[in-house]
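Residues in the sequence shown are numbered from 28 upward in steps of one, following my numbering. Glycine included, every Cβ here is placed at the ideal spot set by N, Cα and C. This report refers to the structure that appears directly beneath it.
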Amino acid sequence: MRGPWHQFAVAAGVAAIGVVMLALTPTIEGGAGYAGVSPRFFPVLIGIGLVVIGLGLVVDVWRHGFIGVDEAAEAAMPMDWASFGWISASLIVAGLVIEKGGFVIACTALYVLCARGFNSRRYGLNIVVGLVLSAAIFVAFNYGLGMTLPAGILPIPK
C-alpha cells in the first residue's frame with residue numbers, strides 16, 4: 028500500500044458505512060407508496076453509492092494515496108477539536124430531540140450547533156435561518172409530498 032494508513036482508514040470507513048446502511052435497510056418498515064417506491068429505496072441507493080465510492084477510494088489509496096494531499100501541510104495543521112465537538116453535538120442533540128421535540132426543533136438545533144462549529148457567533152440569525160429552513164422542509168414533506176415528519180411539541184395541523 029502506498030498511501031498512508033489514515034487515508035486507507037477513511038476510504039475503508041466510507042465503504043463500511045455503505046455496507047452497514049445496506050445491512051440495516053431491510054429493517055425499515057413501510058410498503059410502497061403512491062409512486063410505488065418504498066422508504067427503503069433511497070437508503071439502498073445511498074448505501075450502494077457509499078460502497079462504490081469507498082471501494083474506489085481504497086483502490087486510489089492502494090495505488091498512490093489521495094491525489095493533492097500535502098502530508099507535510101496536513102501534519103502542520105492541528106485538529107480543531109472544538110469544531111469537531113460542536114458538530115458532533117449537533118448530530119447527537121438532533122437524534123435525541125427529534126422524536127419528542129419534533130423535526131423543526133431538532134433541525135433548528137442541528138443548524139445552530141453546526142453553525143457554531145463553523146465559528147458563527149450570530150446566534151439570533153442562526154436560529155431564524157434554522158427555523159425557516161426546517162419549517163420549509165417540514166411543510167414540503169408533510170403537505171407537498173404527503174410524508175409524515177414528527178411534529179413533536181409544535182401544534183401543527185395535519
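Kindly indicate which three-state DSSP category VAL64 falls into: helix, strand or coil? Residue 64 sits at position 37 when you count from the first residue of the sequence shown. In this structure, VAL64 counts as coil in the three-state DSSP scheme.
Tell me whether ALA36 is buried or exposed, calling it buried when 16 or more other Cβ atoms sit within 10 Å of its Cβ. Stepping through the sequence shown from its first residue, residue 36 is reached at position 9. Answer is exposed; the Cβ neighbour count stays below 16.
Limits of the unbroken alpha helix (DSSP H) element including MET48: Position 21 of the sequence shown, counted from the start, is the residue given in the question as residue 48. Start and end: 32-51.
Between the beta-carbon of VAL85 and the beta-carbon of ALA42, is there less than 8 angstroms? On the sequence shown, position 58 is the one that residue 85 refers to. On the sequence shown, position 15 is the one that residue 42 refers to. Yes. Within cutoff.
Measure the CB-CB distance between ALA142 and CYS134 and report whether it falls below 8 angstroms. Residue 142 sits at position 115 when you count from the first residue of the sequence shown. Residue 134 sits at position 107 when you count from the first residue of the sequence shown. Going by C-beta atoms, ALA142 is not nearer than 8 angstroms to CYS134.
To the nearest angstrom, report how far apart GLY128 and ALA136 are at their CA atoms. The sequence position of residue 128 within the sequence shown is 101, counting from 1. The sequence position of residue 136 within the sequence shown is 109, counting from 1. Those two C-alpha atoms are separated by around 10 angstroms.
For GLY122, the first and last residue of its enclosing alpha helix (DSSP H): Working through the sequence shown from its first residue, we reach residue 122 at position 95. Counting along the chain, the alpha helix (DSSP H) containing GLY122 begins and ends at 108-128.
Separation of GLY179 from LEU77, as counted between CA atoms: As a position in the sequence shown, residue 77 is number 50, starting the count at 1. As a position in the sequence shown, residue 179 is number 152, starting the count at 1. In this structure, the straight-line span from the alpha carbon of LEU77 to that of GLY179 is close to 32 angstroms.
Identify which residue in GLY171, MET48, HIS33, LEU176 has its Cα closest to the Cα of PHE93. Here residue 93 is taken as the residue at index 66 of the sequence shown, counted from 1. Nearest of GLY171, MET48, HIS33, LEU176 to PHE93, Cα basis: HIS33.
Close beta carbons around ASN146, own chain, < 8 angstroms, minus the five adjacent residues each side: Counting from one through the sequence shown, the residue named residue 146 turns up at place 119. Here the set comprises SER110.
How big is the Cα-Cα spacing for GLY45 and ILE114? The residue labelled residue 45 in the question sits at position 18 within the sequence shown. The residue labelled residue 114 in the question sits at position 87 within the sequence shown. Whole-angstrom Cα-Cα distance: 21 angstroms.
Option in ILE55, PRO182, GLY144, TYR150 with minimal Cα separation from ALA162: Stepping through the sequence shown from its first residue, residue 162 is reached at position 135. Among ILE55, PRO182, GLY144, TYR150, the Cα nearest to that of ALA162 is on PRO182.
Just verifying my parser: in three-state terms, what is the DSSP assignment at PRO197? Lying outside 28 to 185, the shown extent of the chain, residue 197 is not represented and no answer is given.
Tell me which residues share the same chain as VAL124 and place their Cβ nearer than 7 angstroms to its Cβ, disregarding the 5 neighbours each side in the sequence. As a first step, residue 124 must be located in the sequence shown, where it is residue number 97. If we look at VAL124 and ignore the five residues flanking it on each side, its Cβ neighbours are ILE132, ALA133, ALA136.
When burial is assigned at 16 or more other CB atoms within 10 Å of the CB, is LEU152 buried or exposed? Along the sequence shown, one-based indexing puts residue 152 at 125. Exposed, since its Cβ has fewer than 16 Cβ neighbours within 10 Å.
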